[in-house]
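Have a look at the structure below, then the notes.
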Amino acid sequence: MQLKSVCKSWKYLISDSNFAKNHFRVSTTRHHLVSDKTKPSLNYYPLSSVFTEITPTTTPLQLQFPLNDQSWDRFIGSCRGILCFSLGKAPPLVWNPSIQKFTKLPSLGYTEREGLCRLYGFGYDHVSDTYKVVVVDWYSDDGSHYGLDKNQTMLHTLGTNSWRRIQNFPYTPFGADGSGTVVCGTINWLTSKTWSATSLFIVSLDLEKESYRELLPPPDHRVITVVNFMLGVLRDCLCLFSNDPTFTDVWLMKEYGNNDSWTKLFRLPHMKDHPRSWSHACPLYVSEDDQVLLDMTSKLVVYNYRDGTFKDFGIQNTFSCWNSKVYQESLISPCP
Numbered sequence: 001m002q003l004k005s006v007c008k009s010w011k012y013l014i015s016d017s018n019f020a021k022n023h024f025r026v027s028t029t030r031h032h033l034v035s036d037k038t039k040p041s042l043n044y045y046p047l048s049s050v051f052t053e054i055t056p057t058t059t060p061l062q063l064q065f066p067l068n069d070q071s072w073d074r075f076i077g078s079c080r081g082i083l084c085f086s087l088g089k090a091p092p093l094v095w096n097p098s099i100q101k102f103t104k105l106p107s108l109g110y111t112e113r114e115g116l117c118r119l120y121g122f123g124y125d126h127v128s129d130t131y132k133v134v135v136v137d138w139y140s141d142d143g144s145h146y147g148l149d150k151n152q153t154m155l156h157t158l159g160t161n162s163w164r165r166i167q168n169f170p171y172t173p174f175g176a177d178g179s180g181t182v183v184c185g186t187i188n189w190l191t192s193k194t195w196s197a198t199s200l201f202i203v204s205l206d207l208e209k210e211s212y213r214e215l216l217p218p219p220d221h222r223v224i225t226v227v228n229f230m231l232g233v234l235r236d237c238l239c240l241f242s243n244d245p246t247f248t249d250v251w252l253m254k255e256y257g258n259n260d261s262w263t264k265l266f267r268l269p270h271m272k273d274h275p276r277s278w279s280h281a282c283p284l285y286v287s288e289d290d291q292v293l294l295d296m297t298s299k300l301v302v303y304n305y306r307d308g309t310f311k312d313f314g315i316q317n318t319f320s321c322w323n324s325k326v327y328q329e330s331l332i333s334p335c336p
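At position 149 of the sequence shown (counting the first as 1) the number is 149 in UniProt numbering, and the numbers step up by one without a gap.
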């Protein structure tokens, strides 16, 4: 952001919200891989260099978290250049590191319960041109961690000073990651209808209508098994990753909302020298020439599904599928 220092007219231009939106619309190359495993800073690599230049001795760039006296407990997600973090019992924070602007959200307005299970989501409503943060709190009246049968869903629109209660989350959360997957103006979570149910669903929250709909996983993945399931986004499409002990299948929903449009993008075989590597294989990004950037049990690997070859960068314990996100630079302010 050194251009802001050149002259006042440039500063005002770059700070203009319409300029920021137009800049984001035409800028498609400034993507970064960000990890929060290095608190209190965040490591990141430009994706343009990940596939060609990274070696075990490559030093990642660092982003310094804007709060000196407080760290985060979860990297909720990234949307149009803005990063969102939960701060434990404090309200979440949104931050654009490119322009060094951040804002702490207002209080939720109620005391956090014991025995709480919390889901998050952060996304963009293109109809109202607003950013929204969602918090879903699951709880039971006796404060236990079992049988969480009640929930309340709160939504905050950036630029306002309060949270609003919206329709309760319809099903039971599934899996360990409580941060929803954002695609096509929706936030998506893997769920089941009850804690003991065996059927798997995807619950989608439409950020414009602020209402839910149910999506089905691919036909062979609608029953909860020992296979590890995760949601993700590749090529701007909703994806389902199913980790089997010997391989990982990557499914892509070509037309969002159409349950018949699921297509198997590729299958990842496990690497011969890492027989247990796929318990948490997580595709993070697919390049135009079909190279797949993977987190493989906290190890950074590239897989080319055209020829079935792997490239191991030798970088370990830096990234994790639970806390690594692809972030696209922008000039959009989180403080509308």
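Built from N, CA and C at the ideal position, the CB exists for glycine as well. Treat the numbers as computed from the prediction; the structure is a model and nothing was measured.
Looking at the DSSP output, Val127 bridges to nothing.
Counting only runs that start and end inside the segment 231-287, the beta strand (DSSP E) elements of at least 3 residues fall at 237-243, 247-253, 262-269 and 281-286. Nearest Cα to His126 within the set Gly180, Asp206, Gln64 and Val136: Asp206. Per DSSP, the unbroken beta strand (DSSP E) holding Ser35 starts and ends at His31 to Ser35. For Ser49, the enclosing alpha helix (DSSP H) begins and ends at Leu47 to Val50. Just so you know, the alpha carbons of Gly180 and Arg118 end up roughly 11 Å apart. The segment 298-311 makes no contact with the segment 59-74, as fewer than three CB pairs between them are under 8 Å.
CA-to-CA, the gap between Gly81 and Val183 works out to about 15 Å. Take Asn151, set aside five residues on each side of it, and the residues of its chain with a beta-carbon closer than 8 Å to its own are Val136, Asp137, Trp138, Tyr139, Asn168 and Phe169, in chain order.
In the three-state scheme derived from DSSP, where H, G and I count as helix and E and B as strand, Asp220 is classed as helix. Per the Cβ contact rule, the segment 43-52 is not in contact with the segment 72-79 (fewer than 3 Cβ pairs under 8 Å).
Scanning its chain for C-beta atoms nearer than 6 Å, with the 5 sequence neighbours on each side dropped, one finds around Asp290 the residues Tyr305 and Arg306, in chain order. Straight through space, the alpha carbons of Leu265 and Tyr256 are spaced by roughly 15 Å.
By the neighbour-count criterion, in which 16 or more other beta carbons inside 10 Å mark a residue as buried, Pro269 falls on the exposed side.
As the crow flies, the alpha-carbon of Ser330 is around 26 Å from that of Asp69. In this structure, Leu231 and Asn188 form a Cβ contact; the two beta carbons are roughly 6 Å apart against a cut-off of 8 Å.
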